[in-house]
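Trainee: Counting from 1, position 124 in the sequence shown corresponds to residue 125 in the working numbering; the numbering is continuous, with no gaps. Virtual Cβ for every residue (Gly too), placed ideally from N, Cα, C. Remember, predicted model here, so these are calculated numbers, not experimental data. There's a structure below that I have some questions on.
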Amino acid sequence: MKRVLTLTMHSAHNYGAVLQAFALQSYLIQRGYKNEIIDYRPDYISNEYKIIQLKQNNIPIHRSIVSSFISLPFRILKSYRFNKFINENLKLTNNTFKTYSQLQESNPKGDVYIVGSDQVWNSDITKGVDPAFFLDFVTFGKKVSYAASFGKEYVKNEEKNLIKKHLEVFDAISIREESGRGILENLGIKKSELVVDPVFLLNKGDYNKISKKPKIDKYLLIYTLENDPLVTPLARKVAEARNLKIVSIGSFINRYKSDYHIRAAGPEEFLGYFMNADYVITNSFHGTAFSIIFNKDFASIKLNNKRGTRIENLLEITDNKNRVVERKEDFGKILDSIPYHFKSIKIEEVVQSSKNFISENI
């Protein structure tokens, strides 16, 4: 039995980060591989999810302190739920590594090393090019990326040579977004494959085993990473048309004045709210992904930045481009239900192609 070690941002208290790590590991184990996630927890990830954040972006320090302490009980509960999920559902290496040098010194042994998915090659997140996420510590074994993401459309000129040097020795490279393939080609790396995010490797039944069903029923779910003025009027229009309550998952403040605001959901609760929703409004990549996996009617609010390209790519390959909302004039077109019985064949094709990449390169 091959021992496959994966490296990703599994410890981030972010729904997409944790669930994609769970999905890739679950799929590998289902396929008969022995898999552990390398427990790499650099400070730039750990510090981002500290329970007490005394300094928040664009907020005066005194307001940030007050906000942090008012929301403290919810932060504690959410952190507990994430840690519990990670401890109970992810198989990690026995050793935890806080720095690249620790990882390099230990050099955990495997037959195949997979980096991805998530924005593991986004130097804005990793505070420069982190050699760990380019598997530079590996001295023996295959190096493979699965659905790795740069999280942007270009890399800094001063980083290009280093990134190219790291990736030239990979045995197989797959990328999550078309924009990432463009970056690779610009670096002179011509051979790469476009694959789906790991969350698509599992089916609804797999997620049903770990989800927690909410006590609320007949509702529209809002999940956004960035506030958008279109969300509230759109939610009210859809909810009124379908006679639904409005539920939102997110930060401490109920920005959309929803009927129910969920402040401390863990990954299991997050899945439950998506799985049981009658309609979803989101501008999140993984919010869009789970809407598609669970065959939900949804609206994808277009982000006003380049991060939105990964959502656009996802909607393109799953034949859901018509679910994008950019202005109020778009509201009418997303009231119709999605004919998933027609779209399922295309979705299954791209998922199977991604599964083929894994089987052919491990």
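(1) I'd like to check one pair, ASN357 with GLU179: are the Cβ atoms closer than 7 Å?
(2) Does the beta-carbon distance from GLY273 to LYS213 come in below 7 Å?
(3) Between which two residues does the beta strand (DSSP E) harbouring HIS262 extend?
(4) State buried or exposed for ALA22, treating a residue as buried only when at least 16 other CB atoms are found within 10 Å of its CB.
(5) Please report the Cβ distance between ALA278 and LEU221, rounded to the nearest whole angstrom; I am assuming they are in contact, meaning their Cβ atoms lie under 8 Å.
(6) Just verifying my parser: in three-state terms, what is the DSSP assignment at ALA278?
(7) Could you tell me if GLN26 is buried or exposed, where buried requires 16 or more neighbouring beta carbons within 10 angstroms of its beta carbon?
(8) What does the Cβ neighbour count give for ILE77, buried or exposed, with the cut at 16 atoms within 10 Å?
(9) For a test of the three-state rule: what should DSSP assign to LYS219, helix, strand or coil?
(10) What does a CB cutoff of less than 6 Å around LYS165 pick up in its chain, not counting 5 residues either side in sequence?
(11) In chain order, what residues of the same chain have a beta carbon less than 7 Å from the beta carbon of LEU235, not counting five sequence neighbours either side?
(12) When burial is assigned at 16 or more other CB atoms within 10 Å of the CB, is ILE293 buried or exposed?
(13) If you drop the 5 nearest sequence neighbours on each side, which residues of the same chain put their C-beta closer than 6 Å to that of GLU270?
(14) Just to check my reading of the structure: VAL113 and VAL5 have Cβ atoms closer than 8 Å, yes? What is that Cβ distance to the nearest angstrom?
(15) Who pairs with TYR224 in a beta bridge, going by DSSP?
(16) For PHE98, which residues of its own chain have a beta-carbon under 6 Å away from its beta-carbon, when the five flanking residues on both sides are left out?
(17) Within 10 Å of its beta-carbon, does ILE46 have 16 or more other beta-carbons around it, so buried, or fewer, so exposed?
(18) Across the region 229-245 and the region 339-350, are there enough close Cβ pairs to call them in contact, namely three or more that are closer than 8 Å?
(19) Would you identify the three-state DSSP class for LYS153, choosing helix, strand or coil?
(20) Between the Cα of ILE203 and the Cα atoms of VAL352, TYR16 and THR7, which residue gives the shortest distance?
(21) Could you pull the DSSP bridge partners for LYS143 from this structure?
(22) Mind checking which residues open and close the alpha helix (DSSP H) that includes ASN187?
(23) Do the CB positions of PHE134 and VAL156 come within less than 7 Å of each other?
(24) If you draw a straight line from the alpha carbon of ASN284 to that of ILE87, how long is it in whole angstroms?
(25) Can you tell me whether ALA266 is helix, strand or coil according to DSSP?
(26) Closer than 7 Å by C-beta to LYS92: which residues in its own chain qualify, once you throw out the five before and the five after it? Chain order, please.
(27) Could you tell me if LEU364 is buried or exposed, where buried requires 16 or more neighbouring beta carbons within 10 angstroms of its beta carbon?
(28) Let me know if TYR81 comes out buried or exposed under the rule of 16 or more other beta-carbons within 10 Å of its beta-carbon.
Mentor: In short:
(1) Along the sequence shown, read from residue 1 onward, the residue named residue 179 stands at position 178. Along the sequence shown, read from residue 1 onward, the residue named residue 357 stands at position 356. Judged by beta-carbon spacing, ASN357 lies beyond the 7 Å limit of GLU179, meaning their Cβ atoms are not closer than that value.
(2) Numbered from 1 along the sequence shown, position 272 holds the residue referred to as residue 273. Numbered from 1 along the sequence shown, position 212 holds the residue referred to as residue 213. Yes, Cβ-Cβ distance for GLY273 and LYS213 is below 7 Å.
(3) Counted from its first residue, the sequence shown places residue 262 at position 261. Residues 261-263.
(4) Locating residue 22 in the sequence shown gives position 21, where the first residue counts as 1. With 16 or more other Cβ atoms within 10 Å, it is buried.
(5) To locate residue 278, count along the sequence shown from 1; it is residue 277. To locate residue 221, count along the sequence shown from 1; it is residue 220. Yes, they are in contact, since the Cβ atoms of ALA278 and LEU221 sit about 7 Å apart, within 8 Å.
(6) Translated into the one-based positions of the sequence shown, residue 278 becomes position 277. The answer is coil: DSSP assigns ALA278 none of H, G, I, E or B.
(7) Taking the sequence shown and counting its residues from 1, one reaches residue 26 at position 25. By the 10 Å Cβ count, GLN26 comes out buried.
(8) Numbered from its first residue, the sequence shown carries residue 77 at position 76. Result: exposed.
(9) Sequence index remark: in the sequence shown, residue 219 carries index 218 (1-based). Of the three classes helix, strand and coil, the one that applies to LYS219 here is coil, per DSSP.
(10) Against the sequence shown, residue 165 aligns to sequence position 164. Counting only Cβ-Cβ distances below 6 Å, and skipping sequence neighbours, we find LEU188.
(11) Residue numbering aside, residue 235 sits at position 234 when the sequence shown is read from its first letter. Hits under 7 Å: ILE282, ALA300, VAL326 and PHE332.
(12) Taking the first residue of the sequence shown as 1, we reach residue 293 at position 292. That one is buried.
(13) Start at 1 with the first residue of the sequence shown, and residue 270 comes out as number 269. Result list for GLU270: LYS213, in chain order.
(14) Here residue 113 is taken as the residue at index 112 of the sequence shown, counted from 1. Here residue 5 is taken as the residue at index 4 of the sequence shown, counted from 1. Contact holds; Cβ gap of about 5 Å.
(15) Taking the sequence shown and counting its residues from 1, the one referred to as residue 224 is at position 223. Looking at the DSSP assignment, TYR224 forms a beta bridge with ILE250 and THR283.
(16) As a working mapping, residue 98 is identified with position 97 in the sequence shown. Counting only Cβ-Cβ distances below 6 Å, and skipping sequence neighbours, we find TYR41 and LEU104.
(17) On the sequence shown, position 45 is the one that residue 46 refers to. Under the 10 Å beta carbon count, ILE46 is surrounded by 16 or more other beta carbons and is classified as buried.
(18) No, because fewer than three Cβ pairs between the region 229-245 and the region 339-350 fall closer than 8 Å, the two stretches do not touch.
(19) Translated into positions along the sequence shown, residue 153 becomes position 152. If DSSP states are grouped into helix, strand and coil, LYS153 belongs with coil.
(20) Position 202 of the sequence shown, counted from the start, is the residue given in the question as residue 203. It is Leu, not Ile, that sits at residue 203 in the sequence shown. Out of VAL352, TYR16 and THR7, VAL352 has the C-alpha closest to the C-alpha of LEU203.
(21) Against the sequence shown, residue 143 aligns to sequence position 142. VAL113.
(22) Position 186 of the sequence shown, counting from 1, holds the residue named residue 187. That run of the alpha helix (DSSP H) goes 179-187.
(23) Taking the sequence shown and counting its residues from 1, one reaches residue 134 at position 133. Taking the sequence shown and counting its residues from 1, one reaches residue 156 at position 155. No, the pair does not count as a contact, with Cβ atoms beyond the cut-off.
(24) Residue mapping note: residue 284 aligns to position 283 of the sequence shown, counting from 1. Residue mapping note: residue 87 aligns to position 86 of the sequence shown, counting from 1. Straight-line Cα distance between these residues: approximately 25 Å.
(25) The sequence position of residue 266 within the sequence shown is 265, counting from 1. In this structure, DSSP gives ALA266 a state outside helix and strand, which the three-state scheme calls coil.
(26) Along the sequence shown, read from residue 1 onward, the residue named residue 92 stands at position 91. Counting only Cβ-Cβ distances below 7 Å, and skipping sequence neighbours, we find GLN26, ASN36, GLU37 and ILE38.
(27) This structure cannot settle anything about residue 364, because the visible part of the chain is limited to 2 through 363.
(28) If you number the sequence shown from 1, residue 81 lands on position 80. Exposed: under 16 other Cβ atoms inside 10 Å.
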